[in-house]
Amino acid sequence: MSEPVTVVTGSRKGIGRFLAERYLSLGHRVVGCSRTDTDLVSDAYEHHSLDVSHEDAVAKFFAAVRKRHGRLDHLVNAAGIASMNHSVLTSGATFRRIFEVNVFGTFYCSREAAKIMQRHRYGRIVNFGSMAVPLKLAGEAAYAASKAAIVSLSEVMARELAPFEITVNVVAPNAIDTDLIAGVPAERIEALRQRLAIARAPRLEELGAIVDFFLSPSSSMVTGQTVYMGGP
Amino acid sequence: MQRSELVDLVLKQAADINETLTAQIPLDRGADAPLYGRDGSLDSLGLVSLLAAVEQAVEEEYGVTITLADERAVSQKHSPFRTVGSLADYVALLVSESAVR
Chain A
1 MSEPVTVVTG
11 SRKGIGRFLA
21 ERYLSLGHRV
31 VGCSRTDTDL
41 VSDAYEHHSL
51 DVSHEDAVAK
61 FFAAVRKRHG
71 RLDHLVNAAG
81 IASMNHSVLT
91 SGATFRRIFE
101 VNVFGTFYCS
111 REAAKIMQRH
121 RYGRIVNFGS
131 MAVPLKLAGE
141 AAYAASKAAI
151 VSLSEVMARE
161 LAPFEITVNV
171 VAPNAIDTDL
181 IAGVPAERIE
191 ALRQRLAIAR
201 APRLEELGAI
211 VDFFLSPSSS
221 MVTGQTVYMG
231 GP
Chain B
1001 MQRSELVDLV
1011 LKQAADINET
1021 LTAQIPLDRG
1031 ADAPLYGRDG
1041 SLDSLGLVSL
1051 LAAVEQAVEE
1061 EYGVTITLAD
1071 ERAVSQKHSP
1081 FRTVGSLADY
1091 VALLVSESAV
1101 R
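Taken in order, these protein sequences are the chains called A and B.
101 is the number that the numbering used here gives to position 101 of the first sequence; each next residue is one higher, with no gaps.
1091 is the number that the numbering used here gives to position 91 of the second sequence; each next residue is one higher, with no gaps.
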């Protein structure tokens, strides 16, 4: 078999960037996307600029992946946005935007990826949850609700896609130091971590190990699962 | 594009899917061949495979990206996935909508 083909959304920065580089280093053909262009350059990397909340753009993106590679082994839905605000102070526009990117984006990408994967009866989809869900973090109503929706979506898609031998799983990082949480005060992050079994800052490599496990061909009995980094 | 072209396109994809089915889609009935629903031979998995194949064929043939998703899929009366002909008509509708956008 030739190199695996891996799509990573939100690959311009943060966790998406880390994972795109990780799978390039492991010999995958990586196709990334983000709203704007990237400075990530590699012979095995191609980048598309699109908004994952735009259904037509996502369909065209995956049509391009299919045309270029003829197959798709892995989808890592790392694109996501956050808004830290009290529910009473959250505008409808913000709430909608968070759902559009996090939930609709994950849905559109997973649906289009599944269409390519089902032809070869093989696929791995990894979605992103959040510690904000089990910890029920005050000040993150919209974000936590969107991540809870991703868990439900993943659990149902895991059942629906199982006959095609496509697995769907969720990794829930705990406050990894990226732009997503740049606006959150350090003491709040620390207080959050103190509620976890492993009460320290996670390393990106530790997140990578969980995603590696979900993507492994040997993980064919692992689906509909959510792994919370550091324990809930 | 002619309706007959799209019917042929759907029939061609259905023939490929037939190779994986025990209960075959009766392709000799042409546009009237039932796909999904009361008289159809496809289960939901077969339908997913067929629709993905048709989307891909439309993209390759006409250069248009369409998404064959419709909330009427489970309706006996109005589902665009009832027969080869109704699916071909639905494809034509989506392609024309895509040209307007």
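Ideal Cβ positions, reconstructed from N, Cα and C, are used throughout, including at glycine.
Values in this document were obtained by computation on a predicted structure and should not be read as measured data.
Could you tell me which chain A residues have their CB closer than 9 Å to the CB of residue i, listed as they occur along the chain?
i         : result
B/Ala1052 : Ala114, Lys115, Ile116, Gln118, Arg119
Would you mind telling me which residues of chain A sit closer than 7 Å to residue i, beta carbon to beta carbon, in chain order?
i         : result
B/Glu1059 : Ala63
B/Ser1096 : Chain A residues near B/Ser1096: none, gap ~15 Å exceeds 7 Å.
B/Ser1049 : Gln118
So what does DSSP say about residue i, is it helix, strand or coil?
i         : result
B/Ser1049 : helix
A/Gly231  : coil
A/Tyr122  : coil
B/Pro1034 : strand
A/Gly10   : coil
A/Leu233  : Missing from the structure shown is residue 233 of chain A; chain A here goes from 1 to 232 and no further.
A/Gly32   : strand
A/Thr106  : helix
A/Val52   : coil
A/His86   : coil
B/Phe1081 : coil
B/Glu1071 : helix
A/Val5    : strand
B/Leu1027 : helix
Between which two residues does the alpha helix (DSSP H) carrying residue i extend?
i         : result
A/Gly16   : 14-25
A/Ile189  : 186-193
A/Gly208  : 204-215
A/Arg96   : 92-98
B/Gly1085 : 1084-1100
A/Glu155  : 141-161
B/Lys1012 : 1003-1018
A/Ala132  : 132-135
Which residues of chain B have a Cβ atom closer than 7 Å to the Cβ of residue i, listed in chain order?
i       : result
A/Ala59 : Thr1065, Thr1067
Could you list which residues in chain B have their beta carbon closer than 8 Å to that of residue i, in chain order?
i        : result
A/Pro163 : Leu1045
Measure the C-alpha to C-alpha separation of residue i and residue j and round it to an integer number of angstroms.
i         : j         : result
A/Gly70   : A/Glu112  : 14 Å
A/Arg119  : A/Ala199  : 43 Å
B/Gly1040 : B/Arg1003 : 21 Å
A/Tyr23   : A/Ala59   : 23 Å
B/Arg1029 : B/Leu1021 : 17 Å
A/Ser11   : A/Lys136  : 28 Å
A/Thr167  : A/Leu161  : 7 Å
B/Leu1045 : A/Pro163  : 8 Å
B/Tyr979  : A/Val126  : As displayed, chain B neither begins before 1001 nor continues past 1101, which places residue 979 of chain B out of reach and without an answer.
A/Ala82   : B/Ala1031 : 49 Å
A/Val76   : A/Arg96   : 23 Å
B/Ser1096 : B/Val1058 : 12 Å
B/Val1085 : A/Ser220  : Correcting the residue identity first, residue 1085 of chain B is Gly in this sequence and not Val. Between B/Gly1085 and A/Ser220, the C-alpha separation is close to 38 Å.
B/Ala1088 : A/Asp56   : 20 Å
A/Ser218  : A/Glu3    : 16 Å
A/Pro173  : B/Glu1055 : 35 Å
A/Ser34   : A/Thr178  : 16 Å
A/Ala144  : A/Ala132  : 5 Å
B/His1078 : B/Arg1038 : 12 Å
A/Pro232  : A/Asp39   : 35 Å
If I follow the unbroken beta strand (DSSP E) through residue i, where does it start and stop?
i        : result
A/Ile166 : 166-172
Counting only Cβ pairs nearer than 9 Å, list the residues of chain B close to residue i.
i       : result
A/Arg66 : Gln1056, Glu1059
A/Glu55 : Thr1067
For the ligand PLP, any of its heavy atoms closer than 7 Å to the Cβ of residue i?
i        : result
A/Gly129 : What this structure holds is no ligand at all, so the ligand PLP is not there to describe.
Check the Cβ-Cβ distances between residue i and every residue of chain C, and say whether any is below 8 Å.
i         : result
B/Leu1051 : Of the protein chains in this structure, namely A and B, none is chain C.
### Message
Any contact between the region 135-155 of chain A and the region 96-112 of chain A? By contact I mean 3 or more CB pairs, one from each, below 8 Å.
### Response
In the pairwise beta carbon analysis, the region 135-155 of chain A is classified as touching the region 96-112 of chain A: at least three pairs are separated by under 8 Å.
### Message
Quick test of the definition: if touching needs 3 or more C-beta pairs under 8 Å, does the region 169-185 of chain A touch the region 1060-1072 of chain B?
### Response
Too few Cβ pairs lie closer than 8 Å, so no.
### Task
Assess, as a yes-or-no matter, whether the region 1010-1029 of chain B is touched by the region 1049-1061 of chain B under the definition of 3 or more beta carbon pairs within less than 8 Å.
Pairwise C-beta distances place the region 1049-1061 of chain B in contact with the region 1010-1029 of chain B, as three or more of them are shorter than 8 Å.
### Query
Okay, do the region 43-51 of chain A and the region 27-34 of chain A touch, 3+ Cβ pairs below 8 Å being the bar?
As far as the Cβ criterion goes, the region 43-51 of chain A touches the region 27-34 of chain A, which means the pair count is three or higher.
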